[in-house]
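In my numbering, the protein residues as written are 1374 to 1842.
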Amino acid sequence: MKLRNWQIECIGLALQKYKSGLKHFLALATPGAGKTIMASALAKQMLENKLCDLVMCFSPSSVVCVDFSRALEEVIGEKFDGLMGSKGQSLTYQSMQYLDSDFWSIFKKYRVFVIFDEIHHCSGSSVENANAWGEQIILNIQRSAKFTIALTGTPWRSDASPIVLATYSDITDKVQCDYVYGLADAIKDKVCRIPKVIAIDNDNISLQEHDGEKSFNSFKELLTQSVFPYLEIIYNETLIIHLIEQANQKLNLLRKSSPSAGGLIVASSVDHAHLISKILFKHFDEKATIVTYLEDEPTKIIHSYRYSCSKWVISVGMISEGTNIPRLQVCCHLTNIKTEMHFRQILGRILRMTNEPNQEAILYMPAEPKLIEYAYRISQDVPLEAGVVHFEKISANFKAIKSTKLENKKKQSSHHKTSLELVTLPNSYKTNALDDDKDNLLSATYESMVNIFGKYKQEALDIELKLLG
């Protein structure tokens, strides 16, 4: 298997560090760059050079866990099912707390090389401040493993807790990585696509409350000058229809030259996902694959979609970081999770290069202030590019009146026993089924009425590659 230049460099630095007597290595590579293959190739060299006896891999989801196992088997040519004769095993972080002493004794009997995928999920500089996954690493792996490599595409945590096994600078208080491969490098090397973010806004919004009506010129004004929840915006049918219309048109255009190009819609809850699915079918005659923690075999659904030519997949927490579906080129950000880490990981799902003639990558989202900030920051991550902001108004009028009524009963989202993505799932909001003759009532936190009409506008954040020379 031919490795990319950055993968060869990273492997070389890791081997150099290990041979110098140091045991922990942290690699930062932009989402979609190929961290799985790099780590698998490094594991192969570790085994061939007699630097380790076994390889163990831990990752944050069952989907990524299976992908890593397959990559290790393909690259190394050995079994990684944990059975007799295998060279190791790929497990989830969640499974660590259920492993018994017999398993952990392997680290004392053999020289074990450990791969940690998306290490930022594991926090703690000590047992006292560690989360559940970080605690297991500190107690059972930190000192017992012969060597480790930790992988991340976003080297920070939303709660600002220290990442386990990471070293922090005394000056900047930021993570010190042993190897860094950023988005700018990946774009120049044609490893990742150039992202384009389309922010959908509205310039005529009225909010009806018990004390009267208020007008706003943008979603930013609505969200910063009132207590109107962002969840109501992403549940608004008019917004969903308009956003998906733009995304679907773009995907149809891409599929003329790349027939397998796919689109991902990231929803906020299971009910939200089904609402979006109904809108897709009702207004655009499009059927979508839905994958959530409620499905019996979400991993199989994702793998089936990956190797099909189906257009749309709607996900609630299941297609995020590390999930490898290179044919995805269009994404709709309709989740109420608004952290920069989550935003970058979602964007990373559409950045993997393929052999198709068209390599565009477009993310559509509401013009929420934090998301806009993250999009601008993405452009700053590409120092040799011209980050051009385009303001474009769409000459189409929309009018929607949505009543929201106070509901004291909220469905509590249940955590799937084997799915790791569900640690921070938001509560589900019950939504009535679409009806041609009735308005769709939305669940909310207070009694209000929002009218969204006027002209939607798009803010396109183009990160266009302009190489020097």
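For each residue, glycine too, the CB sits at the ideal point set by N, CA and C.
- Query: Nearest-angstrom Cα distance between Gln-1389 and Gln-1467?
  - Reply: Here residue 1389 refers to the residue found at position 16 of the sequence shown. Here residue 1467 refers to the residue found at position 94 of the sequence shown. In this structure, the straight-line span from the alpha carbon of Gln-1389 to that of Gln-1467 is close to 31 Å.
- Message: Nearest by alpha-carbon distance to Gly-1847: which of Ile-1571, Tyr-1829, Thr-1527 is it?
- Response: As shown, the chain starts at 1374 and ends at 1842. That puts residue 1847 outside it, with no answer to give.
- Item | Environment of Tyr-1914 [buried if 16+ CB atoms lie within 10 Å] | Absent from the structure is residue 1914, since the part of the chain shown begins at 1374 and ends at 1842.
- Along the chain, which unbroken stretches of the beta strand (DSSP E) at least 3 residues long are found entirely within the region 1560 to 1598? The region 1560 to 1598 contains these whole beta strand (DSSP E) runs: 1568 to 1582, 1585 to 1589.
- Query: With respect to the beta strand (DSSP E) encompassing Pro-1742, which residues constitute its N-terminal and C-terminal limits?
  - Reply: Position 369 of the sequence shown holds residue 1742. Under the DSSP assignment, Pro-1742 falls outside any beta strand (DSSP E), being part of the alpha helix (DSSP H) whose first and last residues are 1742 to 1753.
- Item | Within 8 Å, strictly: CB atoms of Asn-1697 and Asp-1440 | Position 324 of the sequence shown, counting from 1, holds the residue named residue 1697. Position 67 of the sequence shown, counting from 1, holds the residue named residue 1440. Against a cut-off of 8 Å, the Cβ pair of Asp-1440 and Asn-1697 comes out as a contact.
- Opposing strand residues paired with His-1397 [DSSP bridges]: In the sequence shown, residue 1397 corresponds to position 24, counting from 1. According to DSSP, which records beta bridges pairwise, His-1397 is partnered with Thr-1521.
- Task: Return the first residue and the last residue of the alpha helix (DSSP H) that Cys-1383 is part of.
- Result: In the sequence shown, residue 1383 corresponds to position 10, counting from 1. In the DSSP annotation of this structure, the continuous segment of the alpha helix (DSSP H) that includes Cys-1383 starts and ends at 1378 to 1392.
- Task: Can you give me the start and stop residues for the alpha helix (DSSP H) that Ser-1432 sits inside?
- Result: Here residue 1432 refers to the residue found at position 59 of the sequence shown. Counting along the chain, no alpha helix (DSSP H) covers Ser-1432; the unbroken beta strand (DSSP E) around it starts and ends at 1427 to 1432.
- Around the Cβ of Tyr-1471, are there at least 16 other Cβ atoms within 10 angstroms (buried) or fewer (exposed)? On the sequence shown, residue 1471 is found 98 positions in, with the first residue counted as 1. Per the 10 Å Cβ criterion, exposed.
- Cβ-Cβ distance between Leu-1736 and Ile-1723 below 8 Å: Working through the sequence shown from its first residue, we reach residue 1736 at position 363. Working through the sequence shown from its first residue, we reach residue 1723 at position 350. Contact: yes.
- What residues are listed by DSSP as bridge partners for His-1706? Indexing the sequence shown from 1 puts residue 1706 at position 333. Note: His-1706 sits in a beta bridge opposite Val-1639.
- Check whether the Cβ atoms of Leu-1512 and Ile-1573 sit closer than 8 Å, and answer yes or no. Counted from its first residue, the sequence shown places residue 1512 at position 139. Counted from its first residue, the sequence shown places residue 1573 at position 200. No. Outside cutoff.
- Any idea if Ile-1510 is buried or exposed, counting beta-carbon neighbours within 10 angstroms, 16 or more meaning buried? Start at 1 with the first residue of the sequence shown, and residue 1510 comes out as number 137. Buried, by the Cβ-count rule.
- Task: State buried or exposed for Gly-1635, treating a residue as buried only when at least 16 other CB atoms are found within 10 Å of its CB.
- Result: As a working note, residue 1635 is residue 262 in the sequence shown. Gly-1635 is classed as buried because its beta carbon has at least 16 other beta carbons within 10 Å across all chains shown.
- Segment limits, beta strand (DSSP E) that includes Ser-1496: Here the question's residue 1496 lines up with position 123 in the sequence shown. Taken as a continuous stretch (DSSP letters only), Ser-1496 belongs to no beta strand (DSSP E), as it is neither H nor E.
- Message: Here's the rule: buried if 16 or more other CB atoms are within 10 angstroms of the residue's CB, otherwise exposed. What is Cys-1430?
- Response: Position 57 of the sequence shown, counted from the start, is the residue given in the question as residue 1430. Buried.
- For Ile-1698, name the three-state secondary structure that DSSP assigns. The sequence position of residue 1698 within the sequence shown is 325, counting from 1. Coil, per DSSP.
- Counting Cβ pairs closer than 8 Å, one from the region 1404 to 1417 and one from the region 1573 to 1585, do we hit at least three? Using a C-beta cut-off of 8 Å, the region 1404 to 1417 makes no contact with the region 1573 to 1585, since fewer than three inter-stretch Cβ pairs fall below that distance.
- Query: Within 10 angstroms of its Cβ, does Met-1374 collect 16 or more other Cβ (buried), or is it exposed?
  - Reply: Within the sequence shown, residue 1374 is the residue found at index 1, counting from 1. With fewer than 16 other Cβ atoms within 10 Å, it is exposed.
- Query: How many angstroms separate the CA atom of Ile-1687 from the CA atom of Arg-1484?
  - Reply: Numbered from 1 along the sequence shown, position 314 holds the residue referred to as residue 1687. Numbered from 1 along the sequence shown, position 111 holds the residue referred to as residue 1484. If I take the Cα positions, the gap works out to 42 Å.
- Can you check the region 1437 to 1516 for any alpha helix (DSSP H) of at least 4 residues that lies completely inside it and give the ranges in chain order? Restricting attention to alpha helix (DSSP H) runs no shorter than 4 residues, the region 1437 to 1516 encloses them at 1474 to 1477, 1479 to 1482, 1505 to 1513, ordered along the chain.
- When Leu-1667, Lys-1481, Asp-1669, Thr-1662 are compared against Lys-1684, the one with the closest alpha-carbon: As a first step, residue 1684 is located in the sequence shown; it is residue number 311 there, counting from the start. Sorting Leu-1667, Lys-1481, Asp-1669, Thr-1662 by C-alpha distance to the C-alpha of Lys-1684 places Thr-1662 at the top.
- Buried or exposed: which applies to Val-1537, given that a residue is buried once 16 or more other Cβ atoms fall within 10 Å of its Cβ? In the sequence shown, the residue the question calls residue 1537 occupies position 164. With 16 or more neighbouring CB atoms inside 10 Å of its own CB, Val-1537 falls in the buried class.
- Whole-angstrom Cβ separation of Leu-1401 and Val-1553, contact assumed at under 8 Å? Against the sequence shown, residue 1401 aligns to sequence position 28. Against the sequence shown, residue 1553 aligns to sequence position 180. Yes, Leu-1401 and Val-1553 are in contact; Cβ-Cβ is about 5 Å, under 8 Å.
- Ala-1734 by DSSP, collapsed to three states: which one? As a working note, residue 1734 is residue 361 in the sequence shown. Assigned with DSSP and collapsed to three states, Ala-1734 falls in strand.
- Query: Among Ala-1518, Leu-1720, Thr-1465, which residue has its Cα nearest to the Cα of His-1494?
  - Reply: Along the sequence shown, one-based indexing puts residue 1494 at 121. In this structure, Thr-1465 is the residue among Ala-1518, Leu-1720, Thr-1465 with its C-alpha nearest to the C-alpha of His-1494.
- Query: Taking DSSP as the reference, what is the three-state secondary structure of Pro-1739?
  - Reply: By 1-based counting over the sequence shown, the position of residue 1739 is 366. Reduced to three states, the DSSP call for Pro-1739 is strand.
- Range of the contiguous alpha helix (DSSP H) that encloses Tyr-1608: In the sequence shown, residue 1608 corresponds to position 235, counting from 1. Per DSSP, Tyr-1608 belongs to the alpha helix (DSSP H) from 1603 to 1608.
- Query: What does a CB cutoff of less than 7 Å around Lys-1931 pick up in its chain, not counting 5 residues either side in sequence?
  - Reply: Shown here, the chain extends from 1374 to 1842; a query on residue 1931 therefore has no answer.
- Under 8 Å between C-beta atoms of Gln-1753 and Arg-1566: Position 380 of the sequence shown, counted from the first residue, corresponds to residue 1753. Position 193 of the sequence shown, counted from the first residue, corresponds to residue 1566. Contact: no.
- Since Tyr-1666 is in the alpha helix (DSSP H), which residue starts that stretch and which ends it? Your numbering for residue 1666 matches position 293 in the sequence shown. Premise fails: Tyr-1666 is in no alpha helix (DSSP H) and is neither H nor E.
- Contacting residues, own chain, Cβ-Cβ under 6 Å from Ala-1523 (five flanking each side not counted): Here the question's residue 1523 lines up with position 150 in the sequence shown. Same-chain partners within the cutoff: Leu-1399, Phe-1489, Ile-1492, Leu-1538.
- Task: Below 8 Å on the Cβ atoms is my guess for Phe-1520 versus Leu-1424; work out the distance and round it to an integer in Å.
- Result: Counted from its first residue, the sequence shown places residue 1520 at position 147. Counted from its first residue, the sequence shown places residue 1424 at position 51. About 7 Å separates the two Cβ atoms, so the contact holds.
- Item | Straight-line Cα distance separating Ile-1544 from Ser-1499 | Taking the sequence shown and counting its residues from 1, one reaches residue 1499 at position 126. Taking the sequence shown and counting its residues from 1, one reaches residue 1544 at position 171. Whole-angstrom Cα-Cα distance: 21 Å.
- Message: Whole angstroms are fine: how far does the CA of Leu-1707 sit from the CA of Phe-1851?
- Response: Outside the displayed span of the chain (1374 to 1842) sits residue 1851, for which this structure offers no information.
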